[in-house]
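> Here you go, one structure.
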Amino acid sequence: MTDDGKRRFSTLEYPVKWADRVFSSRATTEALLGPERETGNLTSHDYDAIVNFHSGGFVRRNLPLVLFLASSTGAALTIKRPKWSPLRRNLVVLGFGAGGWVFGAVNRITSYSKFLGSIENPAGFKKALYNIQNQVGVPLTGPVLVRPYQPSPDEIEEQDSTTGKRNNHPFIFKPFTQAKSSANTDQ
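Okay, so the sequence shown: first residue is 96 according to my numbering, each after it adds one.
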């Protein structure tokens, strides 16, 4: 809490598709993150976490598609009911495939959330991502996972004098803001 009674927090915005595209191999990830670890933006734990997470390869990046293909193929090979029409059999196979896709998507989001939750120094990690984006120049696209965190007293950044908002890195992402409740707007 600050003197004015408001809780201050910052957010770590993690662009999923951008990160998958930029950190495409272990060697590339180590080459991009090495200087950030040396400058102190990344702790050893955070460096190891992102290198290990992004070296998961094709299956981790495309888990929904892999599970869709595996479950629908498995269902197609095991369902041999002579009384079923081809339409019914195909719908069952599609249903299994859709279930695999959903399970893969949920698993992928969960793994990204656990990864972001394991970051020890979100402010340094955020700065490292900003520096890497400036270095590689790949446009930031796709969904963004947001992790709010409580900044340490030495991380408190200057306030923007015109808006009073925190002057974080000028990411292309839209900053995370809390929605106002309807009770506050009626007053």
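For each residue, glycine too, the CB sits at the ideal point set by N, CA and C.
Here's the rule I'm using: 16 or more other beta-carbon atoms within 10 Å means buried, otherwise exposed. How should residue 197 be labelled?
Sequence index remark: in the sequence shown, residue 197 carries index 102 (1-based). Counting Cβ neighbours within 10 Å, residue 197 comes out exposed, since fewer than 16 surround it.
> DSSP state of residue 206, grouped into three classes?
Here the question's residue 206 lines up with position 111 in the sequence shown. Residue 206: helix per DSSP, three-state reduction.
> Put residue 246 into one of helix, strand or coil per three-state DSSP.
Mapped onto the sequence shown, residue 246 falls at position 151. It is coil, neither helix nor strand.
> In terms of alpha-carbon separation, which member of 242, 234 and 192 lies closest to residue 170?
As a first step, residue 170 must be located in the sequence shown, where it is residue number 75. The shortest Cα separation from residue 170 among 242, 234 and 192 belongs to 192.
> Tell me the residue span of the beta strand (DSSP E) that contains residue 105.
Position 10 of the sequence shown, counting from 1, holds the residue named residue 105. Secondary structure note for residue 105: its beta strand (DSSP E) is the uninterrupted segment 105-110.
> Using the DSSP secondary-structure output, state which residues sit across from residue 187 in a beta bridge.
Here the question's residue 187 lines up with position 92 in the sequence shown. None; residue 187 has no bridge partner.
> Tell me which residues share the same chain as residue 254 and place their Cβ nearer than 6 angstroms to its Cβ, disregarding the 5 neighbours each side in the sequence.
On the sequence shown, residue 254 is found 159 positions in, with the first residue counted as 1. Note that residue 254 scores a pLDDT of 36, beneath 50, so its modelled location is shaky and nothing firm can be said.
> Determine whether the beta carbon atoms of residue 115 and residue 220 lie at a separation below 7 angstroms.
Along the sequence shown, read from residue 1 onward, the residue named residue 115 stands at position 20. Along the sequence shown, read from residue 1 onward, the residue named residue 220 stands at position 125. Cβ atoms of residue 115 and residue 220: not closer than 7 angstroms.
> Do residue 117 and residue 241 have their beta-carbon atoms positioned less than 7 angstroms apart in this structure?
Taking the sequence shown and counting its residues from 1, one reaches residue 241 at position 146. Taking the sequence shown and counting its residues from 1, one reaches residue 117 at position 22. No, these two residues do not count as a Cβ contact at 7 angstroms.
> Quick check on the burial criterion: 16 or more other C-beta atoms within 10 angstroms. Buried or exposed for residue 205?
Indexing the sequence shown from 1 puts residue 205 at position 110. That one is exposed.
> Please name the residue in 135, 190 and 185 whose C-alpha comes closest to that of residue 215.
Reading the sequence shown from its first residue, position 120 is the one you call residue 215. Closest by alpha carbon: 135.
> May I ask you to report which of helix, strand or coil DSSP gives residue 240?
Counting from one through the sequence shown, the residue named residue 240 turns up at place 145. Taken through DSSP and simplified to helix, strand or coil, residue 240 comes out as strand.
> Nearest to residue 157 by alpha carbon, out of 200, 236 and 126?
Numbered from its first residue, the sequence shown carries residue 157 at position 62. Minimum Cα distance to residue 157 is reached at 200.
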